[in-house]
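Residue numbers (our numbering): 143 to 454. Just so you know, even glycine gets a beta-carbon here, dropped at the ideal spot from N, CA and C. Remember, it's a predicted structure, so these values are computed and weren't measured experimentally. This report refers to the structure that appears directly beneath it.
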């Protein structure tokens, strides 16, 4: 299939929203996904549209397609998913990046890499700026994802330097919204599902660790805005700089759901970052982007989604 945009990992949480946004812009889409963590349910609104094609395949294998642009989102992104098969996670990040880059090189097309705030590990610089090299444990349980994504960035920039490939690299911070999986282990989905069931909300550590949560619509708008511009390759941080403690997030979700769930404290996971907050000045300077959706508004949409999902 030619003259379409290829989205790898397109059946996942972020990938499916990106496919929809691109189709709303009138683009033809090739969605490539092996459905290891993605789902065709995420694509139910566009699966039968003319101009959309789903390919059940793995980026670890060579890709025989002819796209006119590529967004590489293929990789398990939640700790539960990427630690389930850590070797495959590394292979997806590294071999998958090589296969995507080879395809982009062959057809001389622009390629976006969905990198991650995990590049920064447990940061000693706060908020995190793109020139910070990070604080990552290279042999820890999270390293399969952190180091895999770091290596993928290396490959993207080496393909740019060696072959003149047109690349864009965006470091995605914590994102939430409809189509998150109930069991993916992320804090927003965990808290919402527990609150709706009136189960105890599991807080790791004392809950003082902070995160910055970006609603999925804002995140996708950021990816598209950055990829479409013709001057900067990145890397750029894409996320919401409004910081909140995990304990405060739990209290907010309980209030919005009307839940009486107690909080249950458990030991903090190994190498879990204490603080995470993007400096998005570069994105704002390049494309004038900043998030628009407030945390409460985004949580209400996400709670509504999970409420319907749990009642099916």
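- When DSSP assignments are scanned along the region 268-338, the uninterrupted stretches of alpha helix (DSSP H) that are 4 or more residues long and fall wholly within it turn out to be 285-305 and 329-338.
- Remark: C-beta atoms of residue 278 and residue 238 do not approach each other more closely than 8 Å.
- Residue 371 sits away from residue 311, with the two beta carbons spaced by 8 Å or more.
- Note on geometry: alpha-carbon atoms of residue 408 and residue 343 lie some 10 Å from one another.
- For residue 246, the three-state secondary structure derived from DSSP is helix.
- Per DSSP, the beta bridge partners of residue 257 are 313.
- Under the three-state reduction of DSSP output, residue 225 falls in the helix class.
- Rounded to whole angstroms, the gap between the alpha carbons of residue 308 and residue 225 is 32 Å.
- Only residues of its own chain outside the window of five on either side were considered, and among them 357, 359 and 360 have a CB closer than 7 Å to the CB of residue 435, listed in chain order.
- For residue 443, the enclosing alpha helix (DSSP H) covers residues 437-452.
- In the DSSP assignment, residue 420 forms a beta bridge with 270.
- Judged by DSSP in its simplified three-state form, residue 357 adopts strand.
- Each residue's CA atom was taken as its position, placing residue 185 and residue 314 some 22 Å apart.
- When the beta-carbon positions are compared, residue 326 and residue 392 stay at least 8 Å from each other.
- Excluding the 5 residues flanking it on each side, residue 412 has same chain C-beta neighbours closer than 7 Å at 282 and 283, in chain order.
- Residue 169: not part of any alpha helix (DSSP H); DSSP gives it neither H nor E.
- Checking the DSSP bridge columns, you'll see residue 386 partnered with 353.
- DSSP places residue 179 in the coil class of the three-state scheme, outside both helix and strand.
- Per DSSP, the continuous beta strand (DSSP E) segment holding residue 212 begins and ends at 211-214.
- DSSP, reduced to helix, strand and coil, places residue 159 within a helical segment of the structure shown.
- DSSP places residue 405 within a strand segment (E or B) once states are collapsed to three.
- In this structure the region 295-308 does not touch the region 187-194; the number of beta carbon pairs closer than 8 Å is below three.
- Residue 263 has 277 as its beta-bridge partners, per DSSP.
- Proximity to residue 268 across 171, 385 and 174 peaks at 385, based on C-alpha coordinates.
- With respect to the 8 Å criterion, residue 379 and residue 289 are not classified as neighbours on the basis of their beta carbons.
- If you draw a straight line from the Cα of residue 377 to the Cα of residue 257, it comes to about 8 Å.
- The beta carbon of residue 264 sits closer than 7 Å to the beta carbons of 277, 413, 415 and 416 from its chain, once the five residues preceding and following it are set aside; these are given in chain order.
- DSSP places residue 147 within a strand segment (E or B) once states are collapsed to three.
- Non-local beta-carbon contacts of residue 266 in its own chain, meaning distances under 8 Å to residues more than five positions away in sequence, involve 277 in chain order.
- In this structure, residue 420 lies near residue 259, with their beta-carbon atoms less than 8 Å apart.
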